[in-house]
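Numbering (our numbering), first residue to last: -1 to 264.
Written out as structure tokens, the structure is:
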């Protein structure tokens, strides 16, 4: 069995959009898993997936891309700074802490970008407000990278020069993140689909995860779970190129003129 055939059949087991996966990266990670399990080929692994629900439940996270970068799609971060965060602060009358969750945080690039946006664009103008950022991923290696907070220029190529100089320090070919940024982010291992999720969040970032890789019942379940974790009126931020499925209109309203931002209904 070749890898594309394996990918198609394995994806059907979990309601995954197999065409969205990067073949080289997904194949490398699946082959590593075969070695861990002592299996001979994709046929044997597919049989295991069909018979072992626990192994199958980890398939989506095994194959997804775990590489990100700071300020990915910079226009979205500008909208977040200029419109979304100020509006959330205005709505939270009597509550001086904004609660945010970065779901599928990879190496920490996304939640740390949110922390930098807060420090640069919000904190100086709203001294009475604060932000708590929870960042989670199921991949241990990704969480280790996030904890180390040391990056190469590939992850930093969209960071404005002044921001780079202020919040990162170059050390032996890598850039280390300032403590004031790291201090705003709490890292956790968490599965979006099966673990208990935080509740009452003002802002949830779920970019290039559920709405890229999931389909069918799995996609609907993820949409409902994200709706449940937000407070009424809270904001869901997805990738600029992502769109919520048709059935999501019962749970979210798109933010007009702001691609990738949705407000929770109810």
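For every residue, glycine included, the Cβ atom is placed at its ideal position computed from N, Cα and C.
Alpha carbon to alpha carbon, how far is residue i from residue j?
i: residue 52; j: residue 98; result: 29 Å
i: residue 10; j: residue 264; result: 32 Å
i: residue 113; j: residue 182; result: 6 Å
i: residue 229; j: residue 13; result: 27 Å
i: residue 146; j: residue 75; result: 23 Å
i: residue 3; j: residue 87; result: 49 Å
i: residue 73; j: residue 26; result: 33 Å
i: residue 247; j: residue 240; result: 15 Å
i: residue 90; j: residue 96; result: 8 Å
i: residue 265; j: residue 46; result: Since the first residue of the chain shown is -1 and the last is 264, residue 265 is not available in this structure.
i: residue 129; j: residue 116; result: 8 Å
i: residue 24; j: residue 62; result: 7 Å
i: residue 121; j: residue 162; result: 18 Å
i: residue 255; j: residue 213; result: 26 Å
i: residue 69; j: residue 54; result: 33 Å
i: residue 172; j: residue 6; result: 38 Å
i: residue 215; j: residue 176; result: 41 Å
i: residue 191; j: residue 220; result: 6 Å
i: residue 245; j: residue 226; result: 15 Å
i: residue 0; j: residue 222; result: 35 Å
i: residue 126; j: residue 109; result: 21 Å
i: residue 242; j: residue 18; result: 16 Å
What residue does the beta strand (DSSP E) around residue i start on, and which one ends it?
i: residue 260; result: 259 to 262
i: residue 100; result: 95 to 101
i: residue 198; result: From DSSP, residue 198 is part of no beta strand (DSSP E); its letter is neither H nor E.
i: residue 69; result: Element bounds for residue 69: n/a, residue is neither H nor E.
i: residue 34; result: Where residue 34 is concerned, there is no enclosing beta strand (DSSP E), although the alpha helix (DSSP H) it sits in stretches over 21 to 35.
i: residue 265; result: In the structure as shown, the chain starts at -1 and stops at 264, and residue 265 therefore has no counterpart that could be examined.
i: residue 251; result: 250 to 252
i: residue 186; result: 183 to 187
i: residue 175; result: 172 to 175
Taking the alpha-carbon of residue i as reference, which of the options has the nearest alpha-carbon?
i: residue 179; options: 81, 88, 118, 100; result: 118
i: residue 20; options: 103, 206, 224; result: 206
i: residue 134; options: 60, 187, 143, 258; result: 187
i: residue 57; options: 29, 78, 262, 163; result: 29
i: residue 94; options: 227, 192, 124; result: 124
i: residue 184; options: 131, 160, 159; result: 131
i: residue 77; options: 251, 243, 238, 250; result: 238
i: residue 152; options: 107, 176, 140, 32; result: 107
i: residue 137; options: 159, 164, 105, 215; result: 105
i: residue 111; options: 41, 71, 139, 211; result: 71
i: residue 8; options: 22, 48, 32, 18; result: 48
i: residue 66; options: 156, 32, 60, 15; result: 156
Where do the N-terminal and C-terminal ends of the alpha helix (DSSP H) with residue i fall, by residue?
i: residue 225; result: 214 to 227
i: residue 168; result: First-last for residue 168: 166 to 169, but that is the beta strand (DSSP E), not the alpha helix (DSSP H).
i: residue 41; result: 40 to 49
i: residue 243; result: No alpha helix (DSSP H) holds residue 243; DSSP gives it neither H nor E.
i: residue 211; result: 208 to 211
i: residue 61; result: 57 to 61
i: residue 5; result: 1 to 12
i: residue 79; result: Per DSSP, residue 79 belongs to no alpha helix (DSSP H) and is neither H nor E.
i: residue 15; result: Looking at the DSSP string, residue 15 is not in any alpha helix (DSSP H), and its letter there is neither H nor E.
i: residue 88; result: 83 to 89
Looking at the C-beta of residue i, does it have a partner C-beta in chain D at a distance below 8 Å?
i: residue 142; result: Of the chains in the structure shown, none is chain D; there is only one protein chain.
Tell me whether residue i counts as near the ligand SAH, meaning its Cβ is closer than 7 Å to at least one heavy atom of that ligand.
i: residue 99; result: Of ligands this structure carries none, so the ligand SAH is not represented either.
- Would you mind listing the beta strand (DSSP E) stretches within the segment 111 to 140 that are 3+ residues and don't spill past its ends, in chain order? Within the segment 111 to 140, the complete beta strand (DSSP E) runs of at least 3 residues are 128 to 135.
- Message: Taking 8 Å as the cut-off, does the segment 35 to 51 touch the segment 76 to 94 (at least 3 CB pairs, one atom from each stretch)?
- Response: When Cβ pairs closer than 8 Å are counted between the two stretches, the segment 76 to 94 is seen not to touch the segment 35 to 51, the count staying below three.
- Message: Contact between the segment 168 to 179 and the segment 194 to 205 is defined here as three or more beta-carbon pairs at a separation below 8 Å; is this criterion met?
- Response: No: the two stretches stay apart, fewer than three of their Cβ pairs being nearer than 8 Å.
- Message: Using a Cβ distance threshold of 8 Å, determine whether the segment 251 to 260 contacts the segment 218 to 234, with at least three qualifying pairs required.
- Response: Per the Cβ contact rule, the segment 251 to 260 is in contact with the segment 218 to 234 (3 or more Cβ pairs under 8 Å).
- Query: How about the segment 99 to 107 and the segment 203 to 221: do they share at least three Cβ pairs that are nearer than 8 Å?
  - Reply: The segment 99 to 107 vs the segment 203 to 221: in contact.
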